Amino acid sequence: MDISDGFWNATLEELKQGYLEESDSYTCLLCGEKIEKGIIYPHEGFLYEAERYMRVHIEGSHQSVFDYLIGLDKKLTGLTDHQNQLIRLFYQGKSDKDVQSEMGIGSTSTIRHHRFALKEKERQAKTFLAIMELLKEKDQHAPAFVPPHKTATMLDDRYAVTDEEQKEIIKKFLTEGKNGRLKKFPPKEKQRLIILREISGRFEKDIIYTEKEINQILEDIYDDYVLIRRYLISYGFLGRKTDGSQYWLKK
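Just so it is clear: in the sequence shown, position 79 is 79 by full-length UniProt numbering, and no numbers are missing.
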């Protein structure tokens, strides 16, 4: 299962719990970690069955589903920075007075107005979801779009790529196959997005790389490995420390 596909195709309840149940396992929708059923997992002196251990994993690796989701890019959540901060404080159980004091804005009535605005946004979201679900049943010509990766730093028409387009782009620029060398760096943004996504698949999650290790991997793909490295970071596929000492695959 592609992690992004699983995340975007999950139901609301599955997203809230943070994992997907399959016939023989549980898969974390936040990072792709798979926990097999029928196994007892030891952790800090305790033994857990698979589903409970998945919740332990989410708490240990992501703090909570809420923290993971609220930390996504604003293009994915649809929240402004202001709304994001408000929701974080509401989630912490802060009163309107506490929120007003901490954010230093208006009065308690101002905070109540923000609560109302968020509820209105929730109602609009539910209506929109219902409309789109009904549309799926009738729209016979809707193409299958490639879902954006969860760590995308920008979401615009560059992500309007169908499954068929993706296959054509990969075949055109990675003529030796997905694990081969890049023929040339794509000139168009859409093409770059698809190719960079394929290249990111050559890095392992939960591994910290040095800049030298990153360069060695990318040099096997393309001569101008510095260019590829820069784009992987700017598109949100790779993260790095400001001093360039550590790199990692973003989840």
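A virtual CB, placed ideally from N, CA and C, is assigned to each residue, including glycine.
Please read all numbers here as calculations on a predicted model, not as lab measurements.
Quiz prompt | Distance, G38 Cα to F7 Cα | solution = So the alpha carbons of these two residues sit roughly 24 Å apart.
Exercise. Indicate the three-state DSSP secondary structure (helix, strand or coil) for Y68 in the structure shown.
Key: helix
Quiz item: Counting along the chain, where does the beta strand (DSSP E) carrying S25 start and finish?
Solution: 25-28
Quiz prompt | Neighbour-count burial assignment, Q216, 16 or more Cβ in a 10 Å radius | solution = exposed
Quiz prompt | Stretch pair the region 187-196 + the region 8-17: three plus CB contacts closer than 8 Å | solution = no
Practice problem: Say whether the region 81-91 touches the region 104-124, bearing in mind that this needs 3 or more beta-carbon pairs closer than 8 Å, one atom from each stretch. | Solution: yes
Practice problem: Measuring alpha carbon to alpha carbon, tell me which of Y19, I40, I214 ends up nearest E33. | Solution: Y19
Self-check item: Whether V161 touches I195 by CB criterion (8 Å)
Solution: no
Quiz item: How many angstroms separate the CA atom of G78 from the CA atom of S25?
Solution: Rounded to whole angstroms, G78 to S25 spans 32 Å at the Cα level.
Quiz item: Cβ of E198 within 7 Å of any heavy atom in the ligand GTP?
Solution: You won't find the ligand GTP in this model; it holds no ligand whatsoever.
Practice problem: Drop a sphere of 10 angstroms on the beta-carbon of M132, count the other beta-carbons inside from all chains shown, and report buried for 16 or more, exposed for fewer. | Solution: exposed
Quiz prompt | Check whether W248 and I208 have beta carbons under 8 Å apart | solution = yes
Practice problem: Thinking Y41 and Y53 are a contact (beta carbons under 8 Å), I'd like their distance in whole angstroms, please. | Solution: 4 Å
Practice problem: Starting from G239, follow its DSSP beta bridges and name the residues at the other end. | Solution: For G239, which the question treats as bridged, DSSP gives the partners W248.
Self-check item: H141 to Y235 span [Cα, whole Å]
Solution: Spanning the alpha carbons of H141 and Y235 requires a straight line of approximately 30 Å.
Quiz item: Residues in its own chain within less than 8 Å of S107 by CB, not counting five upstream and five downstream?
Solution: Q100
Practice problem: Confirm, please, whether the CB-CB distance from S200 to L238 is below 8 Å. | Solution: Cβ atoms of L238 and S200: closer than 8 Å.
Self-check item: Run of the alpha helix (DSSP H) containing L35, from where it starts to where it stops
Solution: In the sequence on display, residue 35 carries Ile and not Leu. From DSSP, I35 is part of no alpha helix (DSSP H) but of the beta strand (DSSP E) over 34-36.
Quiz item: What residues are listed by DSSP as bridge partners for P42?
Solution: L47
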